[in-house]
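Residue 462 in this note's numbering sits at position 187 of the sequence shown, with consecutive numbering throughout. First up is the structure itself, then whatever we jot down about it.
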Amino acid sequence: MKNRNEVPSFFVYGEPARMLDVGFLHVETVMERKALHFGHVAPHKHPWMGQITWWFQGGGAYRIEEQNWIFSAPAISFVPSNVVHGFDVDEPSDAIVISVSDDTLKAIQPQAELSLEVPTFLTGRQGDPVWPRIAVLLGMIAEEYRERGATSEKVLTGMIGVVLSLMERLGGSAALPSSSPTVALAFALRRAIDLYYRDSWPVGRYVELLATTPHLLDRAAREVFGMTVKELLLERRLLEAKRLLRFTIRSVEDIGRDVGFEDPAYFSRFFRKRTGESPTSWRLRPDSR
C-alpha cells in the first residue's frame with residue numbers, strides 16, 4: 276500500500292494502479308484476497324474503473340466517501356471510478372466483485388437503467404423478488420468469467436447491464452436519459468472539473484473548453500446536479516480536501532495547496548464556511564475516521 280500522504284489508488288485491491296486495457300473486466304470474490312486484507316479493506320479508489328460488489332453472505336460496515344452503512348447480506352453496491360470506498364466485514368462474509376473499466380461502463384450505460392455517475396449502496400428487503408434474480412445473474416457472471424475470462428465480453432457486459440438495471444428497481448438513484456444534451460453537457464462538465472479543479476480555472480475556461488455558453492453550462496449544472504458551475508467547482512475542491520484530511524496524514528497547509536489554495540488562511544476560511552468548522556477540528560471528529 277502507498278504511504279499515507281495520498282488516498283491509495285489500486286488496480287484491484289492491493290495491486291498498484293495501472294492503465295487498463297480497453298474493455299477491461301475482472302471478476303473475483305472478496306475473500307480471494309483475504310490474505311491481503313483479512314476482512315478490513317482500507318479506504319481507497321480505482322482511477323479508471325467502477326465496481327459492482329454483491330454481498331451474498333455475512334455482513335459488516337461499508338463506507339463510500341462520507342456515508343456509512345451497517346449491513347448484512349444481501350447487499351449490493353456500485354462505485355464509480357475515483358470514489359473513495361472501503362469496508363470491514365465479519366469472518367464468514369463474502370462478495371462477488373465485478374471491476375469494469377470506464378470505457379466499458381460507458382458502452383453499457385445506454386442499456387442500464389441505473390445512473391453510473393454516482394455511487395449506490397442497496398440492502399435487502401424481505402420478500403423483494405429482485406434479489407433472487409440478482410443472485411442468479413451474479414452467479415452466472417462469476418461462472419462465465421471463471422470459464423472464459425474477459426474473452427466472453429459480450430455475454431458478460433450484457434448480464435452486467437441487466438444487474439445494473441435491477442439495482443435501479445431496488446431503489447438506486449434514477450438514471451438520467453443519456454440522449455439529453457443537457458445531461459451530456461453536465462457530465463462533461465463534471466469530468467472537466469475532475470481534471471482541472473486544482474488549477475482554479477474561472478467558469479469561463481470551462482465554457483471555452485466545452486464549446487458552450489455560460490447560460491447553457493449553468494443551466495445544465497443546475498438541472499442535473501442542483502448547483503451552479505461555481506458551486507460544483509467549490510464542492511469538488513471541498514470533497515478532495517475532506518478525502519485528504521480523513522485518509523492521509525498530510526498537513527492542513529499542504530492539503531490546502533493541493534486543492535488550489537496557496538494561502539492557508541484562505542483555505543481555512545473556505546473550509547469553515549462550507550462545513551461550520553476548521554479543517555483541523557473536522558479531521559479530529561470521531562466520525563471523520
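Even for Gly, the Cβ is constructed at its ideal location relative to N, Cα and C. Model, not experiment: these values are computed from the prediction.
Excluding five sequence neighbours on each side, which residues of the same chain lie with their C-beta closer than 7 Å to the C-beta of residue i?
| i | result |
| --- | --- |
| V354 | G325, Q326, I339, H360, P394 |
| V358 | K320, I339, E340, P394 |
| F500 | A461, L507 |
| V287 | H301, S374 |
| L295 | W323, M324, S376 |
| E418 | none |
| F545 | F536 |
| V316 | Y288, G361, F362 |
| E515 | V534 |
| A467 | Y481, L484, L485 |
| S553 | S543, F546, R547 |
| R560 | none |
As a quick exercise: from the options, pick the residue whose alpha carbon is nearest that of residue i.
| i | options | result |
| --- | --- | --- |
| K505 | A516, E388, P489, L520 | P489 |
| E443 | L513, L311, W406 | W406 |
| I351 | R423, K381, E290, Q332 | Q332 |
| V458 | G314, D378, L391 | L391 |
| D403 | E422, R423, F362, L445 | L445 |
| F522 | R494, R547, W557, F542 | W557 |
| D369 | V527, E290, F396, E307 | E307 |
| G424 | A540, E510, K548, F299 | F299 |
| P456 | T426, K429, E498 | E498 |
| R400 | A540, A348, E510 | A348 |
| G334 | V430, V364, E290 | V364 |
At which residues does the beta strand (DSSP E) containing residue i begin and terminate?
| i | result |
| --- | --- |
| T550 | Premise fails: T550 lies in the alpha helix (DSSP H), 539-550, not in any beta strand (DSSP E). |
| Y337 | 334-339 |
| D363 | 360-364 |
| I351 | 350-354 |
| V316 | 315-319 |
How is the alpha helix (DSSP H) around residue i delimited, first residue to last?
| i | result |
| --- | --- |
| G479 | 478-484 |
| D469 | 456-471 |
| V287 | Looking at the DSSP string, V287 is not in any alpha helix (DSSP H), and its letter there is neither H nor E. |
| S440 | 428-444 |
| D474 | No alpha helix (DSSP H) holds D474; DSSP gives it neither H nor E. |
| T523 | Taken as a continuous stretch (DSSP letters only), T523 belongs to no alpha helix (DSSP H), as it is neither H nor E. |
| T503 | From DSSP, T503 is part of no alpha helix (DSSP H); its letter is neither H nor E. |
| R421 | 405-423 |
| W557 | 554-559 |
| L311 | 309-312 |
So what does residue i bridge to, in DSSP terms?
| i | result |
| --- | --- |
| H301 | S374 |
| T398 | A350 |
| N343 | R338 |
| T328 | S352, V372 |
Can you find the residues in the same chain that come closer than 6 Å, C-beta to C-beta, to residue i, ignoring five residues on each side of it along the sequence?
| i | result |
| --- | --- |
| S284 | A292, K320, P322 |
| Y565 | An answer regarding residue 565 cannot be provided, because it is not within the stretch 276 to 564 covered by the chain. |
| T398 | F346, A350 |
| R518 | V282, V359 |
| E428 | G298 |
Can you give the beta carbon distance from residue i to residue j, rounded, assuming they're within the 8 Å contact cut?
| i | j | result |
| --- | --- | --- |
| W330 | A336 | No, W330 and A336 are not in contact; Cβ-Cβ is about 12 Å, not under 8 Å. |
| V305 | V372 | 6 Å |
| E366 | G314 | 7 Å |
| V245 | D378 | Examination of residue 245 is not possible in this model, given that the chain is present from 276 through 564 alone. |
| I409 | I435 | Rounded, the Cβ-Cβ distance is 11 Å, inconsistent with contact. |
| V438 | L413 | 7 Å |
| F542 | G531 | 3 Å |
| T328 | I383 | Going by Cβ atoms, the distance from T328 to I383 rounds to 17 Å, so no, they are not a contact pair. |
| A495 | M502 | No, A495 and M502 are not in contact; Cβ-Cβ is about 11 Å, not under 8 Å. |
Who are the near neighbours of residue i in its chain, counting only those whose CB is closer than 8 Å to its CB and skipping five residues on each side?
| i | result |
| --- | --- |
| G535 | Y472, R473, D474, S475, R512 |
| A449 | Residue placement at A449 is flagged as unreliable, the pLDDT there being 41, under the threshold of 50; the coordinate-derived value follows with that caveat. Cβ neighbours of A449 beyond the five flanking positions: S390, E443. |
| L492 | L460, L464, V478, Y481, V482, L485, V504 |
| L441 | V405, R408, I409, L412 |
| T589 | Only positions 276 to 564 of the chain appear in this structure, which leaves residue 589 out of reach. |
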